[in-house]
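Asks:
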Amino acid sequence: MDMPIGLRSAIETAAAEFNFAQLKDAARTLTERYKSESGQGKRLVTKELETAAYAAVRMPATFGAVSSALSYAFELFDGEIESVLDVGAGTGAASFAALSVLDTDLKITCIEREQSMIDFGRKIASSDISFAKAKWIQKDFSKAEISEKADLVISSYAMNELSGEDRERLLKLLWNAADKMLLIVEPGTPVGFEQIRKAKEFLTAAGGFTVAPCPGNEACPIEGDNWCHFTARVSRSKLHKMLKDGDVPYEDEKFSYIAVSKIPCATAPKRVLRHPVKDPGRISPELCPRAGLITQTVMKKEKDAFKKARKLSCGDMFDA
1375 MDMPIGLRSA
1385 IETAAAEFNF
1395 AQLKDAARTL
1405 TERYKSESGQ
1415 GKRLVTKELE
1425 TAAYAAVRMP
1435 ATFGAVSSAL
1445 SYAFELFDGE
1455 IESVLDVGAG
1465 TGAASFAALS
1475 VLDTDLKITC
1485 IEREQSMIDF
1495 GRKIASSDIS
1505 FAKAKWIQKD
1515 FSKAEISEKA
1525 DLVISSYAMN
1535 ELSGEDRERL
1545 LKLLWNAADK
1555 MLLIVEPGTP
1565 VGFEQIRKAK
1575 EFLTAAGGFT
1585 VAPCPGNEAC
1595 PIEGDNWCHF
1605 TARVSRSKLH
1615 KMLKDGDVPY
1625 EDEKFSYIAV
1635 SKIPCATAPK
1645 RVLRHPVKDP
1655 GRISPELCPR
1665 AGLITQTVMK
1675 KEKDAFKKAR
1685 KLSCGDMFDA
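Going by this note's numbering, the sequence shown opens with residue 1375, and the numbers climb by one from there.
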């Protein structure tokens, strides 16, 4: 899912306050910093210029990943969501994603430790009536208590910035803050997936019910060099392409995620882990059911199943 036009326009208007050459340099530095310093507990974005660059080049990808994860989760979770707590909110990408996917008036609370992020989030808030009413709280979520609560708690790309001990502490706080469901989204890398795997182990041990992507609370069957991740295709704006010297009008954001409910709910019978291999007369998706990883071959003569299989993409549920 692409960001709403109004939000994209608001980001570009706010970013236009800065010198383009400096903005481009900040975007390049920021990309290198995320690659080399994530997971070390370091503050990766602290200045106004860095925040503007972040919003232009990273906010669309975060919006796309969280939107995709929420879409998968709410295919199965039918509880009513009236409030959202966005922890490590940055400039508000996850909150905007929740508003877009749930398509309802939500009470939004954003917790963010960097004042520059909060200031930029408030600048672009006018692009959505519900987000304009959001409550912003400046707090270092890696060290402070989280007393706020909401039906849906979202943490997107926040644990990746923390060291191990702080990550474990935050996970406990997030679960306590969620009245109905917790969604965690991390980079679709082996490291990001391992964080998601550990989060699932903790949350299910605490009594949670896995909503997505896993088909249940069973231990993850993925082993070795393999890892579970999905892809959100994100359109690039003109500014985005210029800042990253890109010619392609889109980029693919790889992400891993886990959505866990505090109440029992439906789960996917099987989840597609890779884009299906399609040969003449047969389609072979790699699937994750409850019993472990399988590759299921669907033949053309299986008319109903074949029709479903033709439409499958990585991340989809499959019930044939």
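Glycine included, each C-beta is placed from N, C-alpha and C at the ideal position.
(1) If the criterion is Cβ atoms closer than 9 angstroms, does the pair ILE1657 and VAL1634 meet it?
(2) How would you write the range of the beta strand (DSSP E) that ARG1607 sits in, first residue to last?
(3) Quick one: Cα of ALA1579 to Cα of ALA1439, how far?
(4) Going by alpha carbons, who is nearest to THR1584 out of HIS1614, LYS1523 and PHE1448?
(5) Counting C-beta neighbours from all protein chains within 10 Å, is the total for ALA1389 16 or more, i.e. buried, or is it exposed?
(6) I'd like to confirm the pairing. Which residues does DSSP put opposite LYS1644 in its beta bridges?
(7) Going by DSSP in three states, ASP1690 sits in which element: helix, strand or coil?
(8) Does the separation of the CB atoms of LYS1685 and ALA1694 fall below 9 angstroms?
(9) In the DSSP assignment, what are the bridge partners of MET1673?
(10) Let me know the secondary structure DSSP gives VAL1461 once reduced to three states.
(11) Kindly confirm or deny that the segment 1532-1544 and the segment 1592-1604 touch, where touching means at least three C-beta pairs closer than 8 angstroms.
(12) Alpha carbon to alpha carbon, what distance is there between LYS1523 and ALA1551?
(13) Below 7 angstroms CB to CB, which residues in the same chain sit around LEU1473 once its five sequence neighbours on both sides are set aside?
(14) For TRP1549, list the residues DSSP reports as bridge partners.
(15) If you run the structure through DSSP and keep just helix, strand and coil, what is MET1616?
(16) Rounded to a whole number of angstroms, what is the C-alpha to C-alpha distance between ALA1508 and THR1478?
(17) Run through the DSSP bridge pairs and tell me what ALA1633 is partnered with.
(18) Which residues does DSSP list as the beta-bridge partners of CYS1484?
(19) Just to confirm the assignment, what range does the beta strand (DSSP E) spanning ASP1525 have?
(20) Tell me, which residues are paired with VAL1651 by DSSP?
(21) Exposed or buried, what is GLY1581 when buried is set at 16 or more other beta-carbons lying within 10 Å of its beta-carbon?
(22) My guess is that GLU1485 and ASP1525 are in contact by the Cβ rule of under 8 angstroms, so how many angstroms apart are they, rounded?
(23) Would DSSP call ASP1626 helix, strand or coil?
(24) THR1465 and THR1425 - do their beta-carbons sit closer together than 9 angstroms?
(25) Do you know whose CA, among ALA1443, LEU1450 and PRO1564, lies nearest PRO1638's CA?
(26) Can you find the residues in the same chain that come closer than 6 angstroms, C-beta to C-beta, to ILE1528, ignoring five residues on each side of it along the sequence?
(27) Using a Cβ-Cβ cut-off of 8 angstroms (strictly less than) and excluding sequence neighbours within five positions of MET1616, which residues of its own chain qualify?
(28) Residues bridged to ILE1668 by DSSP?
(29) TYR1446 and GLY1331 - do their beta-carbons sit closer together than 9 angstroms?
(30) Alpha carbons only, please: which of THR1605, GLN1489, ARG1382 and VAL1431 is nearest the one belonging to SER1687?
(31) Apply the 10 Å Cβ neighbour rule to LYS1416 and answer buried if 16 or more other Cβ atoms are within range, or exposed otherwise.
(32) Among the residues of its own chain, which have a CB less than 8 angstroms from the CB of GLU1568, if the five just before and after it don't count?
(33) Between ILE1570 and the rest of its own chain, which residues show a CB-CB distance below 8 angstroms, the 5 nearest in sequence each way excluded?
Replies: In terms of the structure at hand:
(1) Within the sequence shown, residue 1657 is the residue found at index 283, counting from 1. Within the sequence shown, residue 1634 is the residue found at index 260, counting from 1. No, the pair does not count as a contact, with Cβ atoms beyond the cut-off.
(2) Within the sequence shown, the letter at position 233 stands for residue 1607. Looking at the DSSP string, the run of the beta strand (DSSP E) that includes ARG1607 is 1604-1609.
(3) Here the question's residue 1579 lines up with position 205 in the sequence shown. Here the question's residue 1439 lines up with position 65 in the sequence shown. Roughly 26 angstroms separates the two Cα atoms.
(4) Numbered from 1 along the sequence shown, position 210 holds the residue referred to as residue 1584. Ranking the options by Cα distance to THR1584, first place goes to PHE1448.
(5) Taking the first residue of the sequence shown as 1, we reach residue 1389 at position 15. Under this definition ALA1389 is a buried residue.
(6) Your numbering for residue 1644 matches position 270 in the sequence shown. DSSP, once it has assigned bridges, lists no residue as partnering LYS1644.
(7) Translated into positions along the sequence shown, residue 1690 becomes position 316. Three-state DSSP puts ASP1690 in coil, outside helix and strand.
(8) Indexing the sequence shown from 1 puts residue 1685 at position 311. Indexing the sequence shown from 1 puts residue 1694 at position 320. For LYS1685 and ALA1694, no; Cβs fall outside 9 angstroms.
(9) Here residue 1673 refers to the residue found at position 299 of the sequence shown. The partner list for MET1673 (beta bridge, DSSP) reads ARG1656.
(10) Translated into positions along the sequence shown, residue 1461 becomes position 87. Here VAL1461 sits in strand by DSSP.
(11) no
(12) As a position in the sequence shown, residue 1551 is number 177, starting the count at 1. As a position in the sequence shown, residue 1523 is number 149, starting the count at 1. About 4 angstroms.
(13) Looking up residue 1473 in the sequence shown gives position 99. LEU1480, ASP1502, SER1504 and PHE1505.
(14) For the purposes of this step, residue 1549 is taken as the residue at position 175 of the sequence shown. The partner list for TRP1549 (beta bridge, DSSP) is empty, contrary to what the question assumes.
(15) As a position in the sequence shown, residue 1616 is number 242, starting the count at 1. Helix.
(16) Your numbering for residue 1508 matches position 134 in the sequence shown. Your numbering for residue 1478 matches position 104 in the sequence shown. Taking the straight line joining both Cα atoms gives about 14 angstroms.
(17) Here the question's residue 1633 lines up with position 259 in the sequence shown. Partner(s): LEU1557 and ALA1586.
(18) Taking the first residue of the sequence shown as position 1, residue 1484 is located at position 110. ASP1460 and TRP1510.
(19) In the sequence shown, residue 1525 corresponds to position 151, counting from 1. That run of the beta strand (DSSP E) goes 1524-1530.
(20) Translated into positions along the sequence shown, residue 1651 becomes position 277. For VAL1651, which the question treats as bridged, DSSP gives the partners SER1658.
(21) One-based indexing of the sequence shown puts residue 1581 at position 207. GLY1581 comes out exposed.
(22) Taking the sequence shown and counting its residues from 1, the one referred to as residue 1485 is at position 111. Taking the sequence shown and counting its residues from 1, the one referred to as residue 1525 is at position 151. As written in the sequence, residue 1485 is Ile, which differs from the Glu given in the question. Actually they are not in contact, since the Cβ atoms of ILE1485 and ASP1525 sit about 16 angstroms apart, beyond 8 angstroms.
(23) As a position in the sequence shown, residue 1626 is number 252, starting the count at 1. Correct three-state label for ASP1626: strand.
(24) Numbered from its first residue, the sequence shown carries residue 1425 at position 51. Numbered from its first residue, the sequence shown carries residue 1465 at position 91. Yes, they are a contact pair.
(25) Here residue 1638 refers to the residue found at position 264 when the sequence shown is read from its first residue. Nearest option by C-alpha distance: LEU1450.
(26) Within the sequence shown, the letter at position 154 stands for residue 1528. Cβ neighbours of ILE1528 beyond the five flanking positions: ASP1460, ALA1468 and LEU1557.
(27) Position 242 of the sequence shown, counting from 1, holds the residue named residue 1616. Answer for MET1616: PHE1394 and LYS1398, listed in chain order.
(28) For the purposes of this step, residue 1668 is taken as residue 294 along the sequence shown, with counting starting at 1. Its beta-bridge partners are LEU1661.
(29) Summary: the structure shown does not reach residue 1331, with the chain confined to residues 1375 through 1694, and so no result is reported for it.
(30) Counting from one through the sequence shown, the residue named residue 1687 turns up at place 313. Among THR1605, GLN1489, ARG1382 and VAL1431, the Cα nearest to that of SER1687 belongs to THR1605.
(31) Counting from 1 along the sequence shown, the entry for residue 1416 is found at position 42. Residue placement at LYS1416 is flagged as unreliable, the pLDDT there being 49, under the threshold of 50; a coordinate-derived value is accordingly withheld.
(32) To locate residue 1568, count along the sequence shown from 1; it is residue 194. If we look at GLU1568 and ignore the five residues flanking it on each side, its Cβ neighbours are TRP1601.
(33) By one-based count along the sequence shown, residue 1570 stands at place 196. Around ILE1570: ILE1558, GLU1560, CYS1602, SER1630, TYR1631 and ILE1632.
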